[in-house]
Amino acid sequence: MKEEQQEERKLRWDLAALASAHQCHPLPRTLSVLESSPQVRGMHTIIRDRETSRDEFIFYSKRLMRLLIEHALSFLPFQDCVVRTPQGQDYAGKCYAGKQITGVSILRAGETMEPALRAVCKDVRIGTILIQTNPLTGEPELHYLRLPKDISDDHVILMDCTVSTGAAAMMAVRVLLDHDVPEDKIFLLSLLMAEMGVHSVAYAFPRVRIITTAVDKRVNDLFRIIPGIGEARRG
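For the sequence shown, the positions run 1 to 235 when the UniProt record's numbering is used.
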């Protein structure tokens with residue numbers, strides 16, 4: 001077991017070395033962080049507080065997820081369109097210019113973001129990916145995959161609650177690319193990311209849009225995001 005843990009750490013530290021080579025660079029332009037308004041900062045204060053109750057943690061996490069999804073939708077392509085109002089007047093507006101939106105959650109934590117996506121995207125299709133680390137090699141492996149049919153023309157919102165090293169997120173992106181989803185149609189969403197994960201994903205997939213509510217500076221020896229949002233206590 002000790003050797004297996006060492007292999008897993010080696011993989012993650014390899015990713016850390018890759019990311020650290022880019023740490024002196026600014027955060028990538030493909031990254032978008034939700035504006036840190038007093039409201040957003042206040043919700044982060046609550047979910048980061050170790051004294052926050054489980055109910056409050058869930059409530060404010062869900063609020064942030066909803067804001068994150070709304071923010072992400074602003075990066076979708078829109079085109080001009082004109083509709084007729086009930087008063088018989090024309091209104092010059094905007095219409096979504098893609099085929100459809102599909103959400104894909106990285107199990108297990110990514111599932112928690114699905115209700116927020118369903119709340120703002122009517123009839124959105126949902127897929128799931130389960131990625132776990134091989135205890136013998138330390139490499140991430142695909143254990144379960146369920147994607148909607150004909151996903152290649154969709155804009156795909158890939159969801160994971162936190163991204164530390166970026167290992168699982170990068171494998172999930174590879175899975176989507178293998179299913180012919182264009183890289184620039186993939187949106188990686190996470191409640192919280194570490195700079196290491198941001199740089200790793202952006203280096204590997206420079207056309208993937210990365211969207212989060214906050215970016216923390218570092219991870220510890222157990223690859224938990226520091227200061228983090230309580231994942232060490234809540235799992």
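All residues carry an ideal CB built from backbone N, CA and C; glycine is no exception. Just so we're clear, the structure is a prediction, and the values are computed from it rather than from any experiment.
Rounded to the nearest angstrom, the gap between the Cα atoms of residue 80 and residue 133 is 46 angstroms.
Under the DSSP assignment, residue 106 falls in the beta strand (DSSP E) whose first and last residues are 101-107.
Residue range 125-133 is occupied by the beta strand (DSSP E) that includes residue 126. Cβ contact annotation for residue 177 (same chain, cutoff 7 angstroms, sequence separation greater than five): 183, in chain order.
If you compare the alpha carbons of 110, 52, 197 and 92 with that of residue 217, the shortest gap goes to 197. Here residue 173 has 158, 183, 186, 188, 201, 204, 205 and 208 as same chain residues with Cβ atoms under 8 angstroms from its own Cβ, once five neighbours each way along the sequence are excluded. DSSP links residue 92 through a beta bridge to 82. Distance from residue 153 to residue 99 at the Cβ level is roughly 4 angstroms; contact confirmed, criterion being Cβ atoms closer than 8 angstroms. Fully enclosed beta strand (DSSP E) runs of no fewer than 3 residues occupy 125-133, 140-146, 155-159, 186-190 and 192-194 of the stretch 122-209, in order along the chain.
For a cut-off of 8 angstroms, the C-beta gap from residue 212 to residue 33 is around 6 angstroms, short enough to register as a contact. When secondary structure is reduced to three states using DSSP, residue 211 falls in the strand class. In the same chain as residue 83, and ignoring 5 residues on each side of it, the C-beta atoms closer than 7 angstroms to its own belong to 91 and 93, in chain order. In the displayed model, residue 27 falls within coil according to three-state DSSP, outside both helix and strand. If you look at residue 61, you'll find it in the alpha helix (DSSP H) that goes 54-73. Look at residue 229 here: in three-state DSSP terms it is coil, with no helix or strand label. Beta-bridge annotation (DSSP): residue 216 is paired with 194. Going by beta carbons, residue 225 and residue 164 fall inside the 7 angstroms limit.
In terms of Cβ geometry, residue 118 and residue 148 do not form a close pair [threshold 7 angstroms]. For the 7 angstroms CB-CB criterion, residue 229 and residue 106 do not form a contact.
Residue burial is scored here from C-beta neighbours: residue 162 has at least 16 other C-beta atoms within 10 angstroms and is therefore classed as buried.
Rounded to whole angstroms, the gap between the alpha carbons of residue 43 and residue 88 is 43 angstroms.
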